[in-house]
Structures are given as structure tokens and as C-alpha cells.
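Asker: Got a structure here, written out as C-alpha cells. Questions coming.
Protein chains: 2
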Amino acid sequence: MKKATSLVDVARKAKVNISTVSRTINQTGKIGAETQARVRKVMRELGYKPNRVARRLRARDASTHLLGLIIPNIQNPFFADLARGVEDVAYKHNFALLLCNYDEDEKKEQFYLDVMQAESVDGVILPPIHENDPAVMQVVKNGTPVVCVDRILSDSSLDKVEVDNHMGAYKAVEHIIAQGHRRIGFIAGPADSSTGRERLRGGKDALIAARVPIKSELIRFGDFKQESGRLLTHELLTLAEPPTALFVSNGLMTIGALEAIAARGLKIPKQIALVGYDELPLAAVFNPPLTIVKQPAYEVGRCAAELLLKRIADPKHPPTSLKLHPELIVRKSC
Amino acid sequence: MKKATSLVDVARKAKVNISTVSRTINQTGKIGAETQARVRKVMRELGYKPNRVARRLRARDASTHLLGLIIPNIQNPFFADLARGVEDVAYKHNFALLLCNYDEDEKKEQFYLDVMQAESVDGVILPPIHENDPAVMQVVKNGTPVVCVDRILSDSSLDKVEVDNHMGAYKAVEHIIAQGHRRIGFIAGPADSSTGRERLRGGKDALIAARVPIKSELIRFGDFKQESGRLLTHELLTLAEPPTALFVSNGLMTIGALEAIAARGLKIPKQIALVGYDELPLAAVFNPPLTIVKQPAYEVGRCAAELLLKRIADPKHPPTSLKLHPELIVRKSC
DNA sequence: TTTGCGAATGCAAACGTTTGCGTGTAGTTA
DNA sequence: TAACTACACGCAAACGTTTGCATTCGCAAA
């Protein structure tokens, strides 16, 4: 790595002190107009680019123009969309993005949180592993702005943007019932995740509202990953009295469920109807097109980033809590 | 942002000089065993975490444990997989990852390349916009290790890992011909991208080898994005004599093609056969399951990251060039 | 002429590391 | 005992910024 041109080089060539250069860059302090012009000229000539590392080291209070995003897995389209939302906002404000996949692994989460602090990022966006995530709490205590997405933290003093999970599941199950189904298989998420629980409750509430009895044998708990969707769907379909419709409460598990259904050669929606969660790249052109609950993933990321930037600018700002609405997209699978 | 515990704090409490602490951390220089033990103990007690920013600032030659990844769009599953491959390797070696989406936009690419340098990352992984990317060249000249993925740079002194595009397209078209098709629509990528050109040539070569005449009206050039796949498929299907099979040369455009086909209510493969490029989340369970050319995206990322780490460790190492093999996955769509 | 004052700029410390060099101590050799 | 050597560790500079505190200068007010 060659040494790049630095403040000193510019200062020397422009015959001023480095502080003058610094101030013209940051528009801080009083600098004469013609001096500024000269400095700028030299900067252009030398192709000077401020060193972000040095800047971060010195001014840990000032903005370092670096954001952290810690997500379970970028291969999940939901998080890919979310990440893209964050990135677009970040770019618009000249922020770079540190991206980390923690795979629901607390060890990895801890590692990456440490990295965030060690890199002294301006702020972090993440879905906490569970409501009482001590590692995240610690970061918050250290004074790093944090905004939670998708899942929430019990500490209510944080900015957060979530999607109304209860509503999403409610709409889905309501729709399934409206199609005439009574035996509805429910592939839920982990019981210890807020999203999993809320979607479960939403589904149950829809059942209750329609006076459809809740059968615990029809409810299975997965881990939001593809394989568990496949396995649990098989389980449900081998029941003595199998469900006529399926509600799968996240995107990856929906793929798994489709695998199981395809393996059994079942026709959708005749033999088994299905409502999924999360929009997937091929869902709209699927055969039959998939009825799903669409979460505004990109919007979540966008809002979160904007909240974070706002908080960085004004740390005292009272915490904002956003709840975005999912949308039931009725196609042909149910 | 509270100030974290630093070397000085540790040094003070352990009654040694900061250099001693630094050396015990990095295992450099000679430090007595019992001193090391004492220092380590204090570090644990204080929960000391080295400041990566300061480390990077000081030791721009030493490893800063930060990698940059600049890709067109993380929402493209191909790049999501690739990114994941990079990330896994990075994590295993305690590197963090700076992720950027440049959207095939030279302005953005330039911005992010500047960020990379300003952050003094250890190295960068990217698919160059086109073969003669001056911005990337500049970074290379500055001494930052760069490895190209997916697409290549004319400068052959770089490490690179690509997928054999010619082979992928060849296999695909060969298979289409083997299924008895003679009128084959080809949705190609941009003519000014190496991947686009190589896939086109691969397809043409398969046609030539089978003595199937090449009709230029059946070849359309897209931009590797979904919308162009949709539009061009419509174009091809409105031809007086439409193709009986389609080869779509990337994942996003395949989705678009499927949109067009669905909009026209055509049956796959009876009315129109299709071979896509890139594995997509629902491709295997699609109805019919999609025949596609699968690129080892994760592997590309993994190899690239390993190459990069190797180069960082040994900058003089002669450049390595990897060419991974795509795989034709025959399912039911052709 | 002196004093005061604001505007423009310079000086130097600080951020938290790494590292070349210097120093002290103990052990070895002549 | 003197001279070396090896080892363990301390000192201080350097990385490229930002920023509080001078300092200089010109000019208006007293």
C-alpha cells in the first residue's frame, strides 16, 4: 500500500498550515475566500482524498461516515432487500456500510458487535437474536446508536422499525379460512423469537375470530430455515387427517414447504392450498402464482437507516418506533 | 460514544509499558511468560478490545483485517451467494467486510473505490464494470490487492476467479438442441461485458457444432436485469415465427422471461421450452422445475476471498487465475 | 498614539496503536 | 573481574486527522 497524499502534502503545496486545509474541507472556522480557492485547487491537482481512518480515530465524536448492518443471512431475500434499503440511504448520505452475517449464532454476533465498536462505526442496524440480547444491550450502553429491525429488543428506549407480524399472519389465515379451509397447517417460527410468536398469535387470532378450533397437532415450530419448512411440511402431510391448507410463516420455510409438496406430487391449491410469507423472486410467476404476505423489506431498511442517521445527528432525540404494514398478495396458490 | 479501554489503561493496571501490552497481544518481540500472563489477566478484567481504527492508521502495511466487496446488487441471488462465500472465509480469518452495491454505475463504483482506499482496506474483491476499468486500475496501481470475480480485467497481472461462461452457455444450448429444438431464442447479456460476450459465443458455438443456422433475429441483447428479460422475451414471442425454446443468459433476466411467458399463458416446456442461467431460490420446485445452468456462486466468493488473503499475506505471489465450472442442471423446463 | 477587536491562520496536542531503538539486568565467557 | 551476549522491557516517534488556543494583522474607536 503506497502512502496516499495527505493533508501535509496539500498544505505544503498550498503554502498553508494543515489546519487551514482541514478547515476548508470541513467548512469549519473562518478561512479567507482566496485561500480556500487555492487550497481546493491544490487538492484537485494532487487528487487528495481524506483518510477516513485517521478521521475516525481523531474524531470519535464527530461522524465517521460508517454504518454497521448485522443480519442473519444475506442469502435470505428478505434481508437482501432490507440491506439494499439501508445501503441506498447510506450512499445518499455518503456513508459506507459494514455488512455482517451472524447466522443466528451468538458467538458470531458478539464478534461482529466487537468489530463495530473497534471500528467505531457511527451506528448499527440489526435484528437482535432475541428480546434480551445482552451483547446488544452492552453496545447500546457504550453509547453506540442502535436501531432494531424486524425483531425488537425489550429495551424500549431504542429506535426500531418492525413489520406488523400479527397483522400479516392474521390476514393470511383469515384469507385461508375465507377460501373455505378448516384444517389449516401452521408452520410457525421459533417460539423464542418475537416475530415467530407474533405471527403465531396473529394466525390463532384469525382462527378464533372465525370460530375455527385450534388444533395443536396442526401447529409446528420451525427455525425459519428452508430445511425445517420441508421437514415440517412432510410431518403435517403424513398426518392421519392432513391439513387442506398451509400457512408458512417465512420465506425460506416456504421454499422448503414447496419442496415437500413437489416431492409428494401434490397439486396446489387443489390438494393442498398454501399461503407463504415474504416475497420471493419467482413467487409471482410460480405455477400457480404464490399467494403470500409481502413484507416491505426494502422500506424497513430504508426507514431504519434514516432513523439511524437522524439519531446520529441528534442523539437526544426521543426514540422512534415504526411499524410497517405487510400486504397480503392474493394470487393462485390459495 | 464513550471512550473504550485502551492500551494505556491496560498498561497502567498491569504496571508495564504500552508497548509490552501491544507485544503480548501480537506475539511480537520477546516478553516474559509471567508478564504476559499478568497482562492477559488485566485485559480480560478490563474487557479490553483493541481499537481497529488506530491499528489501521498506524500499520497501513500490516494487516488491517478489513476486506472490501463491491458488487452490482446484493438483491441478485448470484451475488448474494457470492457475498456469503466471501464473508464466511473472511469471518474464519477474523476479517470484517465492507459491502457496496454499485449498480453498474461508474459514479458509485468510483465513490466506493475511494472509500476502500480511504478506509485502507487490506484488499478488494469486485467484478469490474468492463474490461478496461480505469478506476479499478488506479486502485491496483496504488498497491491495494484486488481480485476480480465473475468478470475480468484486461490487466492480466491480477488474481481472478471466474466461471467458464463459454462452457455454461454451450452446455445449455447443446442440451436445447438435443431436445430437438431448432429455433432457439437467445437472450444475451450486454455486448460490452465479458460474461455477456462469452456466453453468447458459447451458445453460438453449440449451434455451429450442431450445424444449426444462427439467426440474428433470435438473438437479443439485454442488460442482465429482470425487466429486459421480460421485454425481450415478449419481443421474441411476437415474432412471426417464434422460437420453440429460449436460453436466457442470467438469473434476473430468467425471472423476467418467466413473467412474459406467464403473461402469455404459455405452457413450459410444451409451447416454449426454457433454459435459464443461475440457480434461483424456487427454481427446483418450480412448476415445471427449471432447467438451468448453475454457477458455483458461493464457491466463487470463497475462492476469491482465499486468493485475496493469500495475496495480502504474500504480495509478491504470482497471480492466480481460477476458472470454475458451471453445471447444467436438467430438470423439466427443457 | 494607544487600545480593542474581529478575521484569518498557525501551533501543537490528542486519538490508540505499532515499532525501531535504547537500556538495564542477568548470565556466560575469557 | 571485565567484557559480551541475550533477553525483557521502556521510550518516543509516527500514522493523518480535528480542534482549542494562540498569534498576527489591519482597522476602527478612544
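Protein chains in written order, with my numbering: chain A, 5 to 338; chain B, 5 to 338.
Even for Gly, the Cβ is constructed at its ideal location relative to N, Cα and C.
1. Check whether the stretch 41-56 of chain B and the stretch 73-88 of chain B touch, using three or more Cβ-Cβ pairs below 8 Å as the test.
2. Quick one: complete beta strand (DSSP E) runs, 3+ long, within the stretch 55-81 of chain A?
3. If we count Cβ pairs, one from each stretch, closer than 8 Å, do we get three or more for the stretch 218-234 of chain B versus the stretch 151-161 of chain B?
4. Does the beta carbon of glutamate 123 of chain B sit closer than 8 Å to a beta carbon anywhere in chain A?
5. Who are the neighbours of arginine 60 of chain A on chain B, taking C-beta pairs under 7 Å?
6. In its own chain, which residues sit with a C-beta less than 6 Å from the C-beta of serine 325 of chain B, not counting the 5 before and 5 after it?
7. In whole angstroms, what is the alpha-carbon distance linking glycine 184 of chain B and histidine 170 of chain B?
8. Which residue comes first and which comes last in the beta strand (DSSP E) that contains valine 252 of chain B?
9. Terminal residues of the continuous beta strand (DSSP E) containing glycine 127 of chain B?
10. So within the stretch 206-290 of chain B, which uninterrupted beta strand (DSSP E) runs reach at least 3 residues, ignoring any that extend past its ends?
11. Mind reading off the beta-carbon distance from phenylalanine 190 of chain A to glycine 207 of chain A? Whole number of angstroms is fine, and I expect it under 8 Å.
12. Does arginine 16 of chain A get closer than 8 Å to chain B when you measure Cβ to Cβ?
13. Given this structure, state the Cα-to-Cα distance separating valine 289 of chain A from alanine 266 of chain B, to the nearest angstrom.
14. Quick one: what does DSSP say asparagine 21 of chain A is sitting in, helix, strand or coil?
15. For the stretch 260-280 of chain A against the stretch 298-311 of chain A, are there 3 or more C-beta pairs whose distance is under 8 Å?
16. Starting from lysine 339 of chain A, find everything on chain B with Cβ-Cβ shorter than 8 Å and list it in chain order.
17. Can you give me the Cβ contacts of methionine 5 of chain A inside the same chain, cut-off strictly under 6 Å, excluding the 5 residues immediately before and after it?
18. Closer than 8 Å by beta-carbon distance: list the chain B residues that pair up with phenylalanine 290 of chain A, in chain order.
19. Output, in chain order, the set of chain A residues within a Cβ distance shorter than 8 Å of isoleucine 259 of chain B.
20. Please go through the same chain and pick out, in chain order, the residues whose beta-carbon is closer than 8 Å to the beta-carbon of glutamate 110 of chain A, but skip the five residues on each side of it.
21. So if DSSP puts glutamate 331 of chain A in a beta bridge, which residue, or which two residues, is it bridged to?
22. Among A/Ile316, A/Glu221, A/Gly193, which one has its Cα closest to the Cα of leucine 256 of chain A?
23. Just verifying my parser: in three-state terms, what is the DSSP assignment at aspartate 159 of chain A?
24. So, with DSSP's three-state summary, where would you put asparagine 136 of chain B?
25. Closer than 9 Å by beta-carbon distance: list the chain B residues that pair up with arginine 102 of chain A, in chain order.
26. Alpha carbon to alpha carbon, how far is alanine 210 of chain B from valine 216 of chain B?
27. Which residues in chain B sit within 9 Å of tyrosine 95 of chain A, going by Cβ to Cβ distance?
28. Closest by CA to serine 161 of chain A, which one among A/Ile333, A/Lys320, A/His329, A/Val334?
29. Distance, Cα to Cα, phenylalanine 83 of chain B vs phenylalanine 99 of chain A?
30. Using 8 Å as the threshold, is the C-beta distance between histidine 238 of chain A and leucine 332 of chain A below it?
31. DSSP on methionine 5 of chain A, reduced to helix/strand/coil?
32. Taking only the alpha-carbon atoms, compute the straight-line gap between serine 10 of chain A and lysine 34 of chain B and give it to the nearest angstrom.
33. Counting only beta-carbon separations shorter than 8 Å, does valine 150 of chain B have a partner in chain A?
34. Counting only the same chain and skipping the five closest in sequence on each side, list residues whose C-beta sits under 6 Å from that of serine 337 of chain B.
35. Report yes or no: is there a C-beta of chain A within less than 8 Å of the C-beta of arginine 88 of chain B?
36. Nearest by alpha-carbon distance to histidine 69 of chain A: which of A/Leu222, A/Met141, A/Gly51, A/Glu91 is it?
Answerer: With the structure as the only source:
1. The stretch 41-56 of chain B makes no contact with the stretch 73-88 of chain B, as fewer than three CB pairs between them are under 8 Å.
2. 70-75
3. no
4. Here residue 123 of chain B refers to the residue found at position 119 of the second sequence. Closer than 8 Å to some Cβ of chain A, the Cβ of glutamate 123 of chain B qualifies, so yes.
5. Mapped onto the first sequence, residue 60 of chain A falls at position 56. Val57, listed in chain order.
6. Along the second sequence, one-based indexing puts residue 325 of chain B at 321. Answer for serine 325 of chain B: Lys164, listed in chain order.
7. Here residue 184 of chain B refers to the residue found at position 180 of the second sequence. Here residue 170 of chain B refers to the residue found at position 166 of the second sequence. If I take the Cα positions, the gap works out to 21 Å.
8. As a first step, residue 252 of chain B must be located in the second sequence, where it is residue number 248. Segment 249-252, the beta strand (DSSP E) holding valine 252 of chain B.
9. Taking the first residue of the second sequence as 1, we reach residue 127 of chain B at position 123. Its beta strand (DSSP E) spans residues 127-130.
10. 223-225, 249-252, 277-281
11. As a working note, residue 190 of chain A is residue 186 in the first sequence. As a working note, residue 207 of chain A is residue 203 in the first sequence. Right, their Cβ atoms sit about 6 Å apart.
12. Locating residue 16 of chain A in the first sequence gives position 12, where the first residue counts as 1. No, because no Cβ of chain B sits closer than 8 Å to the Cβ of arginine 16 of chain A.
13. Within the first sequence, residue 289 of chain A is the residue found at index 285, counting from 1. Within the second sequence, residue 266 of chain B is the residue found at index 262, counting from 1. Going by the C-alpha atoms only, they are around 6 Å apart.
14. Here residue 21 of chain A refers to the residue found at position 17 of the first sequence. Under the three-state reduction of DSSP output, asparagine 21 of chain A falls in the coil class, being neither helix nor strand.
15. Three or more Cβ pairs closer than 8 Å define a contact, and the stretch 260-280 of chain A falls short of that threshold against the stretch 298-311 of chain A.
16. The requested residue 339 of chain A does not occur in the structure, where chain A is confined to residues 5 to 338.
17. Against the first sequence, residue 5 of chain A aligns to sequence position 1. Residue confidence is low: methionine 5 of chain A scores 48 on pLDDT, short of 50, so the model does not pin down where it sits. Its coordinate-derived value is still stated next. Excluding positions up to five away in sequence, the list is empty.
18. Here residue 290 of chain A refers to the residue found at position 286 when the first sequence is read from its first residue. Simply Leu286, Phe290, Asn291.
19. Translated into the one-based positions of the second sequence, residue 259 of chain B becomes position 255. Going along chain A in sequence order, the residues near isoleucine 259 of chain B (Cβ under 8 Å) are Pro285, Leu286, Val289.
20. Within the first sequence, residue 110 of chain A is the residue found at index 106, counting from 1. Taken in chain order, the residues that qualify are Ile133, Ala139.
21. By 1-based counting over the first sequence, the position of residue 331 of chain A is 327. Note: glutamate 331 of chain A sits in a beta bridge opposite A/Lys298.
22. For the purposes of this step, residue 256 of chain A is identified with residue 252 of the first sequence, where counting begins at 1. The option with the nearest alpha carbon to leucine 256 of chain A is A/Gly193.
23. Numbered from its first residue, the first sequence carries residue 159 of chain A at position 155. Aspartate 159 of chain A falls in the coil class under three-state DSSP.
24. Position 132 of the second sequence, counting from 1, holds the residue named residue 136 of chain B. The answer is coil: DSSP assigns asparagine 136 of chain B none of H, G, I, E or B.
25. The count along the first sequence starts at 1 and reaches residue 102 of chain A at position 98. Position check: residue 102 of chain A holds leucine in this sequence, whereas arginine was assumed. What leucine 102 of chain A touches in chain B: Leu70, Ala100, Leu101, Leu102, Leu103.
26. Within the second sequence, numbered from 1, the residue matching residue 210 of chain B stands at position 206. Within the second sequence, numbered from 1, the residue matching residue 216 of chain B stands at position 212. Rounded to whole angstroms, alanine 210 of chain B to valine 216 of chain B spans 9 Å at the Cα level.
27. On the first sequence, position 91 is the one that residue 95 of chain A refers to. Result: Cys104, Asn105, Lys112, Phe115, Tyr116.
28. As a working mapping, residue 161 of chain A is identified with position 157 in the first sequence. For the residues A/Ile333, A/Lys320, A/His329, A/Val334, the minimum Cα distance to serine 161 of chain A belongs to A/Lys320.
29. Taking the second sequence and counting its residues from 1, the one referred to as residue 83 of chain B is at position 79. Taking the first sequence and counting its residues from 1, the one referred to as residue 99 of chain A is at position 95. So the two alpha carbons sit approximately 21 Å from each other.
30. Your numbering for residue 238 of chain A matches position 234 in the first sequence. Your numbering for residue 332 of chain A matches position 328 in the first sequence. No. Outside cutoff.
31. By one-based count along the first sequence, residue 5 of chain A stands at place 1. Only weak support exists for where methionine 5 of chain A lies, its pLDDT of 48 falling under 50; the coordinates are left without a value.
32. Looking up residue 10 of chain A in the first sequence gives position 6. Looking up residue 34 of chain B in the second sequence gives position 30. Each residue's alpha carbon lies about 34 Å from the other.
33. Numbered from 1 along the second sequence, position 146 holds the residue referred to as residue 150 of chain B. Valine 150 of chain B does not count as touching chain A.
34. Working through the second sequence from its first residue, we reach residue 337 of chain B at position 333. The residues are Ile272, Pro273, Leu278, Pro292, Leu294, Thr295.
35. In the second sequence, the residue the question calls residue 88 of chain B occupies position 84. Answer yes: the Cβ-Cβ gap between arginine 88 of chain B and chain A drops below 8 Å somewhere.
36. Walking along the first sequence from the start, residue 69 of chain A turns up at place 65. Among A/Leu222, A/Met141, A/Gly51, A/Glu91, the Cα nearest to that of histidine 69 of chain A belongs to A/Glu91.
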